[in-house]
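The structure appears below as structure tokens.
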Amino acid sequence: MALKIIDHGTPEYQQMVKLRDDILRKPLGLSFTPQELEREKNNMLIGAFEDEQMLGCCMLVEENPQTVRLRQMAVLNDLQGKGIGRALMNFAENLARDRGYKILSMHARKNSIGFYEKMGYKVTSDEFIEITIPHYVMEKQL
Ligand SMILES: CC(C)(COP(=O)(O)OP(=O)(O)OC[C@H]1O[C@@H](n2cnc3c(N)ncnc32)[C@H](O)[C@@H]1OP(=O)(O)O)[C@@H](O)C(=O)NCCC(=O)NCCS
-7 MALKIIDHGT PEYQQMVKLR DDILRKPLGL SFTPQELERE KNNMLIGAFE
43 DEQMLGCCML VEENPQTVRL RQMAVLNDLQ GKGIGRALMN FAENLARDRG
93 YKILSMHARK NSIGFYEKMG YKVTSDEFIE ITIPHYVMEK QL
């Protein structure tokens, strides 16, 4: 498996949008708007690949010079639980450190809290609703 940074608007980015749509949006009856995707131009986009196929992805978005936020973490359904999410998280953390960020934070879905806890993240908010489902802010010092 290869982890790499991908560019907005490329065929790899189209694969990423499809994967995110399949795993994170369609099950909730939602989809991405062109405006949402346009705003991702300045984000750090990350994919895990086997040959040409994307197996999982995530992205980093600057909140301020100290803090970067993880978004859109998703692994293909059939391949969950095999260490791909952990590898994506490690890659994203190293990238964030290299770019000088001190804190990584995220809005974690309630049912993925156990995953992020295993990666060393702590819940720092009360529960709130986003895209119709319960979330918590989680974060970790890099
Ligand atoms: C959450 C997700 C990204 C994790 O990726 P993954 O490849 O399945 O996770 P890994 O195999 O790397 O798991 C790492 C560890 O976390 C655990 N883990 C994974 N998902 C978990 C979950 N939802 N709850 C609790 N623990 C979890 C694994 O058992 C593993 O533990 P171990 O190291 O003791 O064996 C993936 O399951 C996924 O895409 N889920 C659906 C979309 C989603 O909820 N995304 C997060 C949005 S905030």
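Numbering (the working numbering) for the sequence shown: -7 to 134. Glycine included, every Cβ here is placed at the ideal spot set by N, Cα and C. This structure is a prediction, so every number in the text was calculated from the model and none was measured.
Same chain, Cβ closer than 6 Å to residue i, neighbours up to 5 away in sequence not counted
i: Leu37; result: Ile(-2) and Met51
i: Arg89; result: Leu134
i: Glu179; result: Because the chain spans -7 through 134 in this model, residue 179 falls outside it and cannot be assessed.
i: Glu55; result: Arg61
i: Val154; result: Within the shown structure, residues of the chain are numbered from -7 to 134, placing residue 154 beyond reach of any answer.
Nearest candidate by alpha-carbon position, reference residue i, set the options
i: Leu29; options: Gly39, Met98, Tyr5 and Leu16; result: Tyr5
i: Asn35; options: Ala84, Leu134 and Asp70; result: Ala84
i: Glu44; options: Ile123, Leu(-5) and Glu122; result: Leu(-5)
i: Pro26; options: Leu20, Leu62, Val9 and Ala40; result: Val9
i: Met81; options: Gly21, His0, Gly1 and Ala40; result: Ala40
i: Val109; options: Asp70, Ile95, Lys132 and Pro19; result: As written in the sequence, residue 109 is Glu, which differs from the Val given in the question. When each option's Cα is compared against that of Glu109, the closest is Lys132.
i: Pro135; options: Leu71, Pro19 and Leu96; result: Coverage of the chain is limited to positions -7 through 134, which leaves residue 135 absent and any answer about it impossible.
i: Lys33; options: Gly77, Met111, His0 and Val53; result: His0
i: Lys74; options: Gly92, Phe107 and Lys94; result: Phe107
i: Thr124; options: Arg31, Ser23 and Ile105; result: Ser23
One or two residues paired with residue i in a DSSP bridge
i: Pro57; result: Pro57 pairs with nothing; no bridge assigned.
i: Tyr93; result: Bridge partners of Tyr93: none, in fact.
i: Leu62; result: Leu52 and Met98
i: Gly39; result: Lys(-4) and Cys49
i: Lys132; result: Leu96
i: Glu122; result: Ile125
i: Lys114; result: Glu131
Residue i Cβ short of 7 Å to ligand 3 heavy atom set
i: Asn103; result: Among the ligands in the structure shown, ligand 3 does not appear; only ligand 1 can be found there.
Neighbourhood of residue i by C-beta, 8 Å cutoff - its chain only, sequence neighbours within 5 removed
i: Leu11; result: Met46, Gly48, Cys49, Ala66 and Leu68
i: Glu122; result: His99
Short CB-CB distance (under 8 Å) between residue i and chain B
i: Leu22; result: Among the protein chains of the structure shown there is no chain B, as only one such chain exists.
Quick test of the definition: if touching needs 3 or more C-beta pairs under 8 Å, does the region 126 to 133 touch the region 95 to 105?
Contact between the region 126 to 133 and the region 95 to 105 is present, because at least three Cβ pairs lie under 8 Å.
For the region 60 to 69 against the region 6 to 20, do three or more pairs of beta-carbon atoms, one drawn from each stretch, fall closer than 8 Å, so that the two count as touching?
Yes, the region 60 to 69 touches the region 6 to 20.
Within the region -2 to 36, ranges of the alpha helix (DSSP H) (whole runs, at least 4 residues)
Runs found: 3 to 12 and 26 to 30.
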